[in-house]
Amino acid sequence: MFRNITIILAFIVTNALCSTPEHTEKLPPPCDNDIYCYGPLLHAVQMASVFPDSKTFVDMKLRHSPDTTWRMFNELMNRTENRPTSSSTRALIHWRKSFCSG
């Protein structure tokens, strides 16, 4: 009985500590790169399953400037009415040599 009460009290205290304002502050994003960390380009690559895992793409290096890469991506999105196919997304990544292995 005493053990059950101890477990319940520990749970209540832990919940109270974790809900204090210092623990609920919004944290900065783990990465601030809009190509590799978040955004429509990363989303398109992940949804197209260009790679067998989610890490390969984010480990690649840009072959072009970020502005050029965004321009090429936006052209792709315009051509496909914002619905790129897996093959068109692969073409952007591989055939246009936009990215290279880390």
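Using mature numbering (1 follows the signal peptide of the UniProt record, and there is no 0), the letters of the sequence shown correspond one by one to residues -18 to -1, 1 to 84. Yeah, the Cβ is synthetic: ideal placement off N, Cα and C, and Gly gets one too.
Once DSSP output is grouped into helix, strand and coil, what is the label at Leu44? Taking the first residue of the sequence shown as 1, we reach residue 44 at position 62. It is a strand residue.
How should Leu9 be labelled, buried or exposed, when 16 other C-beta atoms within 10 angstroms of its C-beta is the threshold for buried? Residue mapping note: residue 9 aligns to position 27 of the sequence shown, counting from 1. In the assembly as shown, Leu9 is an exposed residue. Its beta-carbon has fewer than 16 other beta-carbons within 10 Å.
For a quick check, are the C-beta atoms of Thr71 and Ala26 less than 7 Å apart? Translated into positions along the sequence shown, residue 71 becomes position 89. Translated into positions along the sequence shown, residue 26 becomes position 44. Contact: yes.
Spatial neighbours of Leu23 in its chain, beta-carbon cut-off 6 Å, leaving aside the 5 residues before and after: Residue 23 sits at position 41 when you count from the first residue of the sequence shown. If we look at Leu23 and ignore the five residues flanking it on each side, its Cβ neighbours are Ile17 and Phe55.
For Arg45 and Arg61, I'd like the C-alpha separation in whole angstroms. As a position in the sequence shown, residue 45 is number 63, starting the count at 1. As a position in the sequence shown, residue 61 is number 79, starting the count at 1. Cα to Cα, the separation comes out at about 22 Å.
Which residues bound the alpha helix (DSSP H) around Val27? Working through the sequence shown from its first residue, we reach residue 27 at position 45. That run of the alpha helix (DSSP H) goes Pro22 to Met29.
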